Structure formats: structure tokens, C-alpha cells
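According to my numbering, numbering within the sequence shown proceeds without interruption in unit steps and concludes at 1947. The C-beta atom is built at its ideal place from N, Cα and C for all residues, glycine as well. Remember, predicted model here, so these are calculated numbers, not experimental data. Working notes for the structure below.
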Amino acid sequence: MDPADTVSPTRLLTNYRLPGSPVFMVGTFDKGITVLSQQVRALNLAWALVESGEVALDASNGHAPGTSHSSRKRIAVVGAGFAGLTVAAGLLKKRVNADITVFERRDTVMPLQHGSDSRWLHPHIYDWPSQGSEAYSAALPVLNWTASRASDVVVQVLSGWRDVARAKQTAPEGINSEPPELRLYCNTRHLLIRRSSHPSQMEIEWIGEERDRTEPALPAADQPAPSGESDKFDVVILAVGFGLETDSATYYWRNDTLAQPQLGQARSTYIVSGSGDGAMVDLFRLRISHFRQDRILAELFSGRADLLRTLREVKDRSDTDETTFESLRAIWENPVLADSTSAVQGRLRARLRQDTDVLLRVRNPSFTNLFVDKRVSFQNRLLAYLLYRCGAFTPVTADSDKLGRLAREHGVPDGRIIIRHGTEKKAGLTDVLDASLHEEVERCLKEPDKYFQTDRPAWSGGYFDMPGLLERTAGTKSPHTTNAVRAQWRREYLPSPTEAIATAFCAAVAGYITSVRAPSARLRVTLHRTLATGDEVVLQQCCDYQGPQNVKGRAGRTFPSSNGTIGAAFTLGQVVRTRDHATHQELITDMEALSLDEASQKMADAVASVAAIPILGPADADLGQEAGRNVVGVLYLDSYDEGAFGEDDMMRRVIEMAQTFFDSLPRASHTAAARIANTEFWVHASQRPGTSSPVPDPDTWQALEAVLEPPTADHLRQINFDFSDFTPVEDS
């Protein structure tokens, strides 16, 4: 990552803090809020609280926790939706020197989406057609989930919550603090946050039911009934989330039958009032047969890569004088794209329901003005435009207080009026804050841009798998980062299909080398994929080490893309291996120069031979071949035998195996099962050699050498195979 792009944790905190208080708000004033964006903001807050020192990881000055000299904090998280649980889980994973209490107003956690079977959640679909928008997984290090019905996503996140709440986070060597204590309250019908007599604390009073911290639907063993309590907290996190809708008789997340065919009824007319994403989705459900938010784009745009590229340019265009409506009209009137646009519109027209009509009531003076509102996702603006071209609904601009007259005019009963006028954000805050804090809330509402919170990850790869360790001190010089700690840390999400594919390939390579050389002792083979996380590129171990006499359990770890043998191969884009007759001390010297044990274990004393083979994918399309190929992965091998990888013939055969294997991987998305897709990463950082870190000089190496041509895969842009219910548009 470019140091100029590094986010300051202290500065980031100011975007969350309610001025003049230890109260922090997650995503309250941001536009385009999604479940994933709120989770990223929550983890960014956890990162900033820890890295700024607002919440410590260790007891200060060696004093015992709980004493007057302790730095131990009390943290309250108000709201147990996706954001609230995620920030709490992130702090638990970091093993902060604090006790955490989570409050939820309703009867269980994630109450809006709990049991919501008629709504679908997809982590990235609102970014379509941007890079990685079809990725099936949220790819989060904490409380990860994959595209599914909202109710199923709740089940996934709850499973992750149980794992975190039950885990016994081991303290790194030298850390004096006790692990965090966790309490969880539901049905907190009364909860009030006010200033404490101590200026750096807030006091919370509440009436609620304490629940089992791992099973929020069950009462705590010693608190079966509601109780009224109050306590002081050093940090209060408001994760009030989306909030409830205004003016709506039927809330967005409640189950309904809008997408189902009419049973024994004549063609029915509906009124949908609103111009945001919620209103657009209900319009689509009413007018498109078999509408699934996560599938519709692949179904309409499959095989139309030319049109997709043009739409991507429209989405990314920064010309504010041109509305999306005019841009889309220009595309649909472009004769060069006529075949594709006609085919897409024909597919949609064939899918129109014959049992519904919709009046879309928008606040803007005209329907075209809807396309200026960037709060509506590009995907939904595009689908609304296509429906408009098909004449599939009637836009109306009646005032909201005249909906009744509009309904009577068209014979629409109350049960077929759907109101999506957004949520009341102010009430979500003022309902829990004492009146003395309302003025600060009003000030924030008037200047929301000051509280913009990025939904790009600020943390580094593996950060939330390093309990008790600060990001800036997690290197080899820290007394806390022992060899045992580095053996298991820095894990990030690894898709199961990717792990299975890597395991099969590495086992085959290990089998081949064993048949050729019959190693006398250890041989290890594993694959690292190039992983974009935030604005950083790391190398992630895709499978446990394969080969004889190996310790398992290493998959998912991440390493800096410039460190060690794999970092040298990635940065140079060349095969790196030990020279013949290199001594162990020479190898140690080279590993120290390449900062091997900054983020990984110290190399075993018996290791005599190493090799790293980069897999080169195609160059970035927008940069051209002259920019050089991207590195999509690095195959790593080591052995206790001297000269284990010095035979050129054997190494060339391994390279040929890699060439054939990775050339065939793009076809894995087209199996009969059709359940696996290799999707782009949803964040971007360069995968080209030499662009993210200093390039090592092989002439300075004593034991290592850069030799042989690496394998290439012209159609493999990333190794990110995951389960999916649909084929990415550009692969279809």
C-alpha cells in the first residue's frame, strides 16, 4: 500500500465520534448503506479504536486488571444488528483489554432480517458491474457470509458469532490483561445514554433480559427474568443500523407475497411509493417473473461482454452534467451495440409478469430525475430504465399526502400500496440519547459529510487474527510475536473450493517429486494465492502443506507480498530457488534480508532447500501487455535435503504441471454442477511484480537464485473459486 494512502486511525475515529463524547456512531450518516458496507465500517471502527490507543490491548504498567491503575475499558455496543455484532466480534478477536456489553432493543439479535425469507442479500451486487461485484462471499475476516436469503445470512452470521464468543483467545507472550468479558441483553425496551460525572465516561441505564452470549435466543443461566440496571462505560458504540421505515404499513424486511403469482385473482394494480433501492426492488419483484436480485443480471446480460464493458464505463464516469438516464439512452440507441441491447431488452420483456400493473410514485418532478440520485445503486437504475423502455410500469409524481386519492382513482386497496420512504435516522439516535446530547446529533445531521465513513477496509491482511497485537508492532521485533503465535495467525477468509483445488494440485506435485527424488525427510508443498485486501496485496496460503511428515492446519494464513522466498518470486515474477551447495548460514542470511520471519515462523534449522514458482496471469486489460503480467499465485516448496530443487529437468516438469493445471482452471466454472465461479476480488490493488514493494536484487543473494521461466495462464486473472448460484456475466 502506498504510504500516502494509509488511513490514520486517530483521524478515522473523528468520523465516528459524536463530538465531545466517547460515543461512536457506525454508518449513521452514510449513503448507500448495505449489510456488507456496515460490517466493513464496524471493523474499521474496531481497528481504529485499537490502533489509536482508545482501547488498549494490554494492562498498563503491569498493574492487574480491575485496579485503579488499569487501562481496562468498559465498552457498550447499542444495537445487535450486523454492524453491532461485527464490531463486538472484531474487538473480541483482537482480545482487547476491555469488557463488552451488547444491547438489543428487540427479542433477538439481527431482528430485522431474522426469519426474512422473501428478501435476498448479496454482499457486492449493489456495486455491479464493478470489479468483484459478482463475488459470492463477503470475504470478511470476522462474521463472514455468502449470498442467500436474508434469514439464511442471519444463520451464517450467528454461527460465526458463536465461534467468536466461545473462543478462548490465547494471550501473546508478555500480555498481562485478562480476555474480554462479554454480556448480551435483549428486549431493552428502556435504554438511555447520558453523560457521567466523569467527563470521559457515559452512563447507561436500561431494563432488559440478559441472554446467553453464544445463544442470544436463550436467557443467561443466572438471569431468567428482565432486570433494571445502570453502569458507566468508557466507550459507547451506537450501531442502530438501518432503522425502521417511516409511513410504511409493511416493513421492507417482513415476509410478503409480492414476488409470487396471483392465485385466482384478476390482474392486480399496485402503487409503489419511493425512489430508493427498496422501492426499486419491490417494483422489480412485482413486474419481473422469477426475479432474484442475485441472479437477474447474469440472466439478462449473459454473453454480452461488449455491453457490460460499456455499462462499466457509464458507472465509473465522473461527468456530473450527464444523468444516467441520458447515458443509458445513448447506449440503447447506439447501432454498434444494437444486437446486445435488443437481446437484453427482449429477455426482460419475455419475463414480464402478466398478472400485475404498477404505478411508481416518485417525489422528483419527472421519472428521469430519479437517475441523478446516486443513492440508488447503478444496478437498480439500469433495471428501472429497462422496465421503463418496456413500458412495464407507469411513473406518477403525486404528492405523498395524495396517495389515497391516487389509490381511489385506480381502484388500489390499502393492501396493495407499498411505501418505501426511507428510515428515520434521527429517531434511532435520539431515542437512546439523553436530551442533553440531542444538540450534537442535530449538528451532525446538518453536516453529514464530516462523518463520512469509508466502506473500504482500513485494516491490513490478517489483522483480526492477531489477538493482543497492534498492527504497527506485529513484526519480528515485537516480544509478543513468538514463533508459536506466527504459526497460526493472520488468517483471512479462504473459499472452500479454492482450498480443495489447491490441495489436489499440491498433493500431485508432492507425489511427483517424491517419486523422482524419494526425499529422505521433510518435503512440503503449498500454494499461495495473490489476495487483494483493502488497498494491500498479500499472499494467502491456500491449503495445508502437502508431502510426507507434515504438520497440518496452516491454510488461510496471509503474508506480506514482499517477504521471504514467496515474496521474492512474487516481486520479481521469476522462479526463485536455493543454489546447489548453498550453506544453511547463507540461506539464513538471505531469509533475514527478505524479512522472512516478520510475519511468518522462523525457518526450521533443518531446511536446506526452498523454491518458489510464481504463476503469471494476463496483464491488466486497461494497462496493456507492456505493463507486464500479473502474478496470480506462488507455488512454494521446501525440503530438508540439500539440492532438492536444483535439477532443472525436475523443476521444468513441475513448471509444466503448473502450466497445464492453471491453464485448465478457468474451465472449472463450466462444470456440469455449475456451482463454482472464479470471481474477481471486490477491492483492487496491483498484482503486478514490483508495483507494491521494493524489488530485491538477486545479485546480493548468497544462497538463492532467480532462474527458469515461470508458468503462465493467459485466462486466469485470480484464484478465487467459491460456491455460486450463477455464472459471472463475463464467463457466461
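On a CA-only basis, which of A1558, E1662 and T1323 is nearest P1234? Give me that one, please. When each option's Cα is compared against that of P1234, the closest is E1662.
What is the rounded straight-line gap between the Cα of Y1855 and the Cα of I1781? Per the coordinates, the alpha-carbon of Y1855 lies some 18 angstroms from the alpha-carbon of I1781.
Going straight from the alpha carbon of T1745 to that of D1912, what length do you get? Cα-Cα distance, rounded: 22 angstroms.
Taking the alpha helix (DSSP H) that N1935 falls in, what are its first and last residues? Where N1935 is concerned, there is no enclosing alpha helix (DSSP H), given that its DSSP letter is neither H nor E.
Between the segment 1495-1506 and the segment 1554-1566, do three or more beta carbon pairs fall short of 8 angstroms? Yes: the two stretches touch, three or more of their Cβ pairs being nearer than 8 angstroms.
So, with DSSP's three-state summary, where would you put D1449? It is coil, neither helix nor strand.
Quick check on V1379: buried or exposed, where buried means 16 or more other Cβ atoms within 10 Å of its Cβ? Buried, since its Cβ has 16 or more Cβ neighbours within 10 Å.
At the level of alpha carbons, what is the spacing between V1372 and G1296? One C-alpha to the other measures close to 10 angstroms.
What number of angstroms, rounded off, separates the C-alpha of G1281 from the C-alpha of V1357? Caution is warranted here: a pLDDT of 45 is assigned to G1281, below 50, making its placement in the model unreliable, and no coordinate value can be reported.
Quick check: what's the CA-CA separation for A1733 versus Y1678? Rounded to whole angstroms, the gap between the alpha carbons of A1733 and Y1678 is 39 angstroms.
First and last residue of the uninterrupted alpha helix (DSSP H) at Q1384: Q1384 -> no alpha helix (DSSP H), and no H or E assigned at all.
Which residue wins for smallest C-alpha separation from A1520, given the options A1304, A1642, L1621 and T1556? Minimum Cα-Cα distance from A1520 among the listed residues A1304, A1642, L1621 and T1556 corresponds to T1556.
When the Cα atoms are used, what is the spatial distance from L1660 to I1452? Rounded to the nearest angstrom, the two C-alpha atoms are 18 angstroms apart.
Within the same chain, show all residues whose beta-carbon is closer than 7 angstroms to that of D1497, passing over the 5 residues directly before and after it, in chain order. Hits under 7 angstroms: L1473, V1487, I1633 and R1635.
Taking the alpha helix (DSSP H) that C1659 belongs to, which residues open and close that run? Residues H1653 to K1661.
With distances taken between CB atoms, is the gap from L1406 to V1317 smaller than 7 angstroms? Cβ distance not < 7 angstroms, so L1406 and V1317 don't count as in contact.
Go ahead and pull the three-state DSSP assignment for R1256. In the structure shown, R1256 falls within a helical segment according to DSSP collapsed to helix, strand and coil.
Is the segment 1590-1609 touching the segment 1425-1434, taking contact as three or more C-beta pairs under 8 angstroms? No, the segment 1590-1609 is not in contact with the segment 1425-1434.
Grouping DSSP H, G and I as helix and E and B as strand, with all else coil, what is R1604? Residue state, collapsed to three classes: helix.
CA-to-CA distance, T1718 to P1387, given in whole angstroms: Distance between the alpha carbons of P1387 and T1718: 30 angstroms.
CB I1546 to CB T1525, shorter than 7 angstroms? Yes, these two residues count as a Cβ contact at 7 angstroms.
Considering only the beta carbon of each residue, do R1706 and G1771 sit closer than 7 angstroms? The answer is yes: Cβ separation under 7 angstroms.
Just the Cα atoms here: how many angstroms apart are Q1416 and V1370? Computed Cα separation, rounded: 35 angstroms.
Opposite S1483 in the DSSP bridges: which residues? Beta bridge pairing from DSSP links S1483 with T1571.
With DSSP collapsed to three states, give me the class of K1640. When DSSP states are grouped into helix, strand and coil, K1640 belongs to the helix group.
If you run the structure through DSSP and keep just helix, strand and coil, what is H1405? Strand, per DSSP.
Specify, as a first and last residue, the run of the beta strand (DSSP E) that S1854 falls within. Counting along the chain, S1854 sits inside the beta strand (DSSP E) bounded by residues V1846 to S1854.
Am I right that C1401 and G1423 are in contact with their C-beta atoms under 8 angstroms? What's the rounded C-beta distance? That pair is a contact at about 6 angstroms.
Would you mind sorting F1720 into buried or exposed? The rule is 16 or more other CB atoms within 10 Å of its CB. Buried, since its Cβ has 16 or more Cβ neighbours within 10 Å.
Hey, how far is the Cα of G1242 from the Cα of A1736? In a straight line, the C-alpha of G1242 is about 54 angstroms away from that of A1736.
Run the proximity test for V1740: is its beta-carbon closer than 6 angstroms to any non-hydrogen atom belonging to the ligand MN? With respect to the ligand MN, the structure shown offers nothing to examine, as it has no ligands at all.
Does the segment 1863-1880 come close enough to the segment 1913-1930 that 3 or more CB-CB pairs lie under 8 angstroms? Contact between the segment 1913-1930 and the segment 1863-1880 is present, because at least three Cβ pairs lie under 8 angstroms.
Is DSSP giving Y1400 helix, strand or coil here? Here Y1400 carries a strand assignment [DSSP, helix/strand/coil].
From G1240 to L1648, what does the alpha carbon distance come to, in whole angstroms? For the record, residue 1240 in the displayed sequence is Met; it is not Gly. Near 12 angstroms, if we compare the C-alpha coordinates of L1648 and M1240.
So, at 6 angstroms on beta carbons, what are the nonlocal neighbours of A1797 in its own chain, with the 5 sequence-adjacent residues on each side left out? Around A1797: A1918.
Mapping the DSSP letters down to three states, classify S1352 as helix, strand or coil. S1352: strand per DSSP, three-state reduction.
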